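Quick notes on the structure that follows.
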């Protein structure tokens with residue numbers, strides 16, 4: 255397995271002369287910036303969340319869906335609506351910070367994992383767990399996790415997934431699994447400091463800092479410009495006065511564009527803080543990993559990034575509004591616990607939005623880096639909001655993997671249809687937990703691999719269709735004949751273009 | 088050549104718009120000065136343009152806000168903002184170029200990061216600001232919000248509105264996602280790029296009658312700071328503005344502030360800058376410095392009159408060569424009195440008399456001096472078209488032994504040159520006894536074929552010294568005396584002061600402001616220049632402006 259490569263400074267440079275920090279800061283704005291490395295055109299990113307979710311925090315309220323015209327057929331076995339039609343925020347967790355991405359994301363509901371219910375990093379990117387005793391007799395023939403398949407067959411083994419972790423313990427997990435004679439072997443995650451050392455250690459910090467400062471300056475200009483337009487329109491100003499301000503605005507706008515052209519340039523992030531992450535560091539640690547992920551994609555150091563950020567007990571009530579740790583809260587139905595879960599998810603949402611915004615801000619081809627990417631937000635467990643999935647007071651903590659939290663942002667270069675909220679309920683119901691039986695979650699993996707340009711031959715084993723073991727029926731609550739399996743070579747209906 | 092606004096006004100009103108070659112519209116030297124006193128209509132409010140902060144004001148404002156050390160650290164960025172030097176106060180109304188705007192952004196960015204890179208630098212602004220940490224607790228918020236309001240008031244020259252406050256809090260939040268220090272950086276950047284900092288907005292006052300706005304006390308304070316300091320108001324002035332300048336108490340408060348401001352080094356430096364632009368000094372060096380010091384000292388320390396500017400012989404010598412120019416021992420230093428025989432006021436100072444040297448002669452350039460004097464006295468003479476200049480240097484003594492004045496006359500005595508040169512040369516000729524350095528010379532010495540010849544100088548002339556009539560003079564001192572007694576020169580300086588204060592060309596709507604100064608500068612009143620300046624800034628017209636017609 256190749257490690258993520260270490261890149262030398264010259265590989266990052268932004269053209270002759272570079273862009274060095276100096277006073278005045280903008281003196282080098284005239285330099286054109288180019289990405290040094292040609293990056294393959296698609297990226298896959300997994301952002302894993304742990305401990306399940308509450309559907310009433312995650313999904314649009316029924317009233318909002320109704321006001322948008324209700325769920326309408328969006329393909330075979332799927333109903334849905336346009337995210338743009340939903341009034342207000344999409345949901346308490348998918349708040350205004352996701353509004354810029356409504357047209358570029360897909361929110362999926364009623365996707366059920368069939369083989370396993372409980373905590374496991376294998377629930378992330380691996381389509382089987384083996385905990386139900388259903389692994390084949392020759393586990394060495396099993397496919398690795400989908401990120402590994404992509405690395406091998408989409409990128410010819412030239413890149414390795416970048417596994418970024420934040421966790422309360424020193425053992426840093428990831429959802430990336432390779433295969434050994436004994437079966438799947440987890441690839442360790444990297445702290446921000448480790449990732450930075452591997453990727454960016456030889457980069458000259460001055461240029462990184464200059465890039466950061468230009469980005470901040472551009473952000474400030476963009477924030478100031480509306481105020482200029484407002485004062486320009488003051489009726490007590492003369493035409494000549496307005497003309498002066500208009501010219502000022504045009505020049506500032508031009509400056510902003512120049513700065514923006516450098517915003518998505520290949521630059522390393524700030525060097526992470528050293529030492530073990532403590533409670534007070536959790537926000538920073540998350541941002542550091544997100545920024546490393548952004549920089550790694552911008553610089554073409556990898557095309558696959560896996561986030562496994564799980565502070566758990568590093569979350570505190572005072573600092574993060576999470577009492578008893580994330581996992582601890584997931585085993586309680588108290589109001590405090592529900593609020594804690596919400597706050598823990600908000601922390602993740604900030605990271606996800608920051609990451610998406612970083613890619614969206616990076617021009618690439620005719621669009622942005624986000625357009626070329628598929629960000630898969632996933633969870634090891636399903637919804638814990640009771641039978642309806644939308645009602646407070648009906649929590650049914652089970653750690654079941656039904657109705658798994660699933661969000662896709664980006665279209666992997668147009669391979670995915672975006673802009674929709676899709677519901678895969680089958681028409682069958684369970685006796686408890688999430689009432690509607692949905693579609694097999696493994697279709698998400700198939701969809702991701704298809705979107706990245708893979709063919710079924712890359713993941714199928716022994717001629718059997720599908721990716722992984724989908725025969726499990728934990729606790730006998732999901733009769734397999736009532737699950738939507740879908741076309742195991744076509745991916746999720748309504749998602750694949 | 089600099090074109091003064093008042094000169095233009097006189098030209099337009101007098102119909103003297105000829106170019107070289109045109110027949111003069113009046114007898115040479117008879118261009119009448121405009122008596123704007125008849126046009127002063129108190130119901131007419133001056134036009135006010137949106138002025139942009141120029142380099143000098145920008146630099147001073149930054150120094151008052153951040154201290155010298157910080158401004159010096161980002162100094163190279165500040166120099167990108169254009170100065171008013173030789174721009175006749177106009178850079179404040181020029182449409183900003185890309186480079187200017189980039190300079191503002193440069194400074195804002197550089198200053199913000201310079202200050203936040205080191206907490207000790209930030210403490211200059213606020214002790215608690217350097218100790219903020221995210222997430223902000225109540226103490227932190229009180230510090231941040233207090234800073235925004237206090238610093239925002241200084242920068243924008245008015246109390247922040249709720250919207251202003253919220254906008255600056257949002258600016259903090261741009262960077263606070265990284266940490267509090269970065270939040271402060273983006274906040275400072277935003278404040279330094281705020282239009283209310285970079286432009287002098289005067290739009291908040293009440294419309295006392297249709298089309299006329301009474302400036303708010305804060306806007307009056309900002310005008311004062313711009314005019315007297317070329318900077319922004321300090322805390323004391325803002326505090327006075329908060330109490331208001333209305334009514335007898337307010338007027339007394341205003342006067343008190345004006346006198347306080349006038350007593351500061353910033354005001355002295357500001358007035359020195361005005362003098363430099365008014366006289367349109369063309370050279371740098373000890374002679375220019377000495378002239379500026381003379382004029383500034385006369386007005387600032389000695390509360391001198393306009394007449395004294397043209398007649399006083401006090402000089403400040405700090406250079407051996409300059410001492411020798413004045414016929415003093417080379418080791419002369421400090422305050423001296425120049426000889427009354429040849430020196431009187433600023434027109435006989437080396438700093439004003441200096442011209443480029445002319446080959447093979449010790450004479451000065453009488454045409455250059457004539458042009459400078461016509462501008463200084465608001466007796467304008469239009470520039471000729473470029474294509475009428477002779478190919479050969481008129482000063483080249485190729486034919487006969489002739490003085491500089493004779494040589495120029497030979498070339499300019501016929502049309503298309505004569506119509507204007509007859510006036511230019513008349514103004515420059517009385518200075519013929521000063522060489523190109525400004526030293527007094529009894530004779531003109533010319534070298535031809537390595538042989539030196541001595542020629543007598545004719546400095547007699549008939550000139551218009553702002554009165555609209557010709558005055559016979561024999562020397563530069565005669566011109567100085569005439570200028571000191573001229574109502575036209577008083578009006579000219581009044582217009583210059585007004586132009587400086589309004590930051591634009593004077594217009595008919597400024598008549599009351601000009602008159603306020605002119606009345607006091609008049610030889611019949613002989614009130615100090617300082618009082619004339621005070622008369623302008625305390626004039627009712629100073630605190631009103633017109634609303635431009637609906638666009």
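Residue numbers (the working numbering), protein chains in the order written: chain A, 255 to 751; chain B, 88 to 638. Even glycine gets a Cβ: it sits at the ideal position worked out from N, Cα and C. All values derive from a computational prediction rather than experimental measurement.
Spatial neighbours of residue 326 of chain A within its chain, please: C-beta separation below 8 Å, excluding the five flanking residues on both sides.
Walking along the first chain from the start, residue 326 of chain A turns up at place 72. Cβ within range, chain order: 333, 334 and 335.
Would you identify the three-state DSSP class for residue 694 of chain A, choosing helix, strand or coil?
In the first chain, the residue the question calls residue 694 of chain A occupies position 440. Reduced to three states, the DSSP call for residue 694 of chain A is strand.
Rounded distance between the beta-carbons of residue 356 of chain A and residue 673 of chain A, thought under 8 Å:
Here residue 673 of chain A corresponds to residue number 419 of the first chain, with the count starting at 1. Here residue 356 of chain A corresponds to residue number 102 of the first chain, with the count starting at 1. The Cβ separation is near 7 Å, so the contact holds.
Can you check whether the C-beta of residue 136 of chain B is within less than 8 Å of a C-beta belonging to chain E?
The displayed structure is made up of protein chains A and B, and chain E is not among them.
For residue 361 of chain B, which of helix, strand or coil comes out of DSSP?
Taking the first residue of the second chain as 1, we reach residue 361 of chain B at position 274. Note: residue 361 of chain B maps to helix in three-state DSSP.
Cβ contact (3+ pairs, closer than 8 Å) linking the stretch 490-499 of chain A and the stretch 286-304 of chain B:
yes
Is there at least one Cβ from chain A nearer than 8 Å to residue 413 of chain B's Cβ?
For the purposes of this step, residue 413 of chain B is taken as the residue at position 326 of the second chain. No - not a single Cβ of chain A is within 8 Å of the one on residue 413 of chain B.
Decide if residue 613 of chain A is buried, meaning its Cβ has at least 16 other Cβ atoms within 10 Å, or exposed.
On the first chain, position 359 is the one that residue 613 of chain A refers to. Buried: at least 16 other Cβ atoms inside 10 Å.
CB-CB under 8 Å to residue 319 of chain A, same chain, minus the five flanking residues each way: which ones, in chain order?
Start at 1 with the first residue of the first chain, and residue 319 of chain A comes out as number 65. Around residue 319 of chain A: 325, 335, 340 and 675.
Straight-line CA distance for residue 431 of chain B to residue 395 of chain B?
Here residue 431 of chain B is taken as the residue at index 344 of the second chain, counted from 1. Here residue 395 of chain B is taken as the residue at index 308 of the second chain, counted from 1. Near 9 Å, if we compare the C-alpha coordinates of residue 395 of chain B and residue 431 of chain B.
Using a Cβ distance threshold of 8 Å, determine whether the stretch 601-610 of chain A contacts the stretch 299-310 of chain A, with at least three qualifying pairs required.
yes
Is any beta-carbon of chain A found at less than 8 Å from that of residue 630 of chain B?
If you number the second chain from 1, residue 630 of chain B lands on position 543. Taking Cβ atoms only, chain A never reaches closer than 8 Å to residue 630 of chain B, which makes this a no.
Taking Cβ positions only, does residue 157 of chain B come closer than 8 Å to chain A?
In the second chain, counting from the first residue as 1, residue 157 of chain B sits at position 70. Not one chain A Cβ lies under 8 Å of residue 157 of chain B.
For residue 750 of chain A and residue 709 of chain A, what's the separation of their Cα atoms in angstroms?
Looking up residue 750 of chain A in the first chain gives position 496. Looking up residue 709 of chain A in the first chain gives position 455. Each residue's alpha carbon lies about 13 Å from the other.
Helix, strand or coil at residue 297 of chain A [DSSP, three-state]:
Your numbering for residue 297 of chain A matches position 43 in the first chain. Three-state result, residue 297 of chain A: strand.
Compute the Euclidean distance between the alpha carbons of residue 358 of chain B and residue 150 of chain B, then round it to the nearest angstrom.
Residue mapping note: residue 358 of chain B aligns to position 271 of the second chain, counting from 1. Residue mapping note: residue 150 of chain B aligns to position 63 of the second chain, counting from 1. One C-alpha to the other measures close to 18 Å.
Same chain, Cβ closer than 6 Å to residue 540 of chain B, neighbours up to 5 away in sequence not counted
Position 453 of the second chain, counted from the first residue, corresponds to residue 540 of chain B. The answer, listed in chain order, is 488 and 533.
Tell me the DSSP secondary structure of residue 417 of chain A in three-state form.
Locating residue 417 of chain A in the first chain gives position 163, counting from the first residue. Residue state, collapsed to three classes: strand.
Check each residue of the stretch 243-261 of chain B: if its Cβ is closer than 8 Å to any Cβ of chain A, include it; give the result in chain order.
254, 257, 258 and 261
Other residues of its chain near residue 576 of chain B: CB distance less than 6 Å, five sequence neighbours each side excluded:
On the second chain, position 489 is the one that residue 576 of chain B refers to. The residues are 464, 553 and 570.
Min CB distance residue 280 of chain B to chain A below 8 Å:
Within the second chain, numbered from 1, the residue matching residue 280 of chain B stands at position 193. Yes, residue 280 of chain B lies at the interface with chain A (some Cβ there is under 8 Å from its Cβ).
Residue 302 of chain A - DSSP class collapsed to helix/strand/coil
The residue labelled residue 302 of chain A in the question sits at position 48 within the first chain. Reduced to three states, the DSSP call for residue 302 of chain A is strand.
Under 8 Å between C-beta atoms, does residue 509 of chain A make it to chain B?
Counted from its first residue, the first chain places residue 509 of chain A at position 255. By this cut-off, residue 509 of chain A is an interface position.
Rounded straight-line distance, which links the Cα of residue 658 of chain A to that of residue 688 of chain A:
Taking the first chain and counting its residues from 1, one reaches residue 688 of chain A at position 434. Taking the first chain and counting its residues from 1, one reaches residue 658 of chain A at position 404. So the alpha carbons of these two residues sit roughly 10 Å apart.
Beta-bridge pairing of residue 561 of chain A - partner residues as DSSP gives them:
The count along the first chain starts at 1 and reaches residue 561 of chain A at position 307. Residue 561 of chain A pairs with A/301 and A/418.
Specify, as a first and last residue, the run of the beta strand (DSSP E) that residue 712 of chain A falls within.
Translated into positions along the first chain, residue 712 of chain A becomes position 458. Premise fails: residue 712 of chain A is in no beta strand (DSSP E) and is neither H nor E.
Return the Cβ separation of residue 475 of chain A and residue 280 of chain B in integer angstroms, given the expectation that the two are a contact with Cβ distance under 8 Å.
If you number the first chain from 1, residue 475 of chain A lands on position 221. If you number the second chain from 1, residue 280 of chain B lands on position 193. Sure, about 7 Å apart at Cβ, within 8 Å.
Is DSSP giving residue 767 of chain A helix, strand or coil here?
This structure gives no information on residue 767 of chain A, because the portion of chain A shown stretches from 255 to 751.
Anything in chain A within Cβ reach of residue 269 of chain B, meaning under 8 Å, just list it in chain order.
Position 182 of the second chain, counted from the first residue, corresponds to residue 269 of chain B. In chain order: 470.
Close-in-space but distant-in-sequence residues of the same chain around residue 549 of chain A (CB under 6 Å, 5 per side omitted)
Counting from one through the first chain, the residue named residue 549 of chain A turns up at place 295. So the qualifying residues of the chain are 522 and 523.
Could you give the uninterrupted runs of the alpha helix (DSSP H) lying entirely in the stretch 183-223 of chain B, keeping only those of 4 residues or more?
185-204 and 206-209
Taking 8 Å as the threshold, find out whether the stretch 382-394 of chain B comes into contact with the stretch 556-565 of chain B through three or more Cβ pairs.
no
Give the secondary structure of residue 424 of chain B by DSSP, where H, G and I count as helix, E and B as strand, and everything else as coil.
Locating residue 424 of chain B in the second chain gives position 337, where the first residue counts as 1. Looking at residue 424 of chain B - three-state DSSP - the assignment turns out to be strand.
When the cut-off is 8 Å and only beta carbons count, does residue 505 of chain A lie next to chain B?
Counting from one through the first chain, the residue named residue 505 of chain A turns up at place 251. Answer yes: the Cβ-Cβ gap between residue 505 of chain A and chain B drops below 8 Å somewhere.
Using CA atoms only, rank isn't needed, just tell me which of A/303, A/331, A/295 and A/307 is closest to residue 739 of chain A.
Walking along the first chain from the start, residue 739 of chain A turns up at place 485. Residue 739 of chain A has its Cα closest to that of A/331, out of A/303, A/331, A/295 and A/307.
Kindly indicate if chain B contains any beta-carbon less than 8 Å away from that of residue 669 of chain A.
By 1-based counting over the first chain, the position of residue 669 of chain A is 415. Chain B contact via Cβ: absent.
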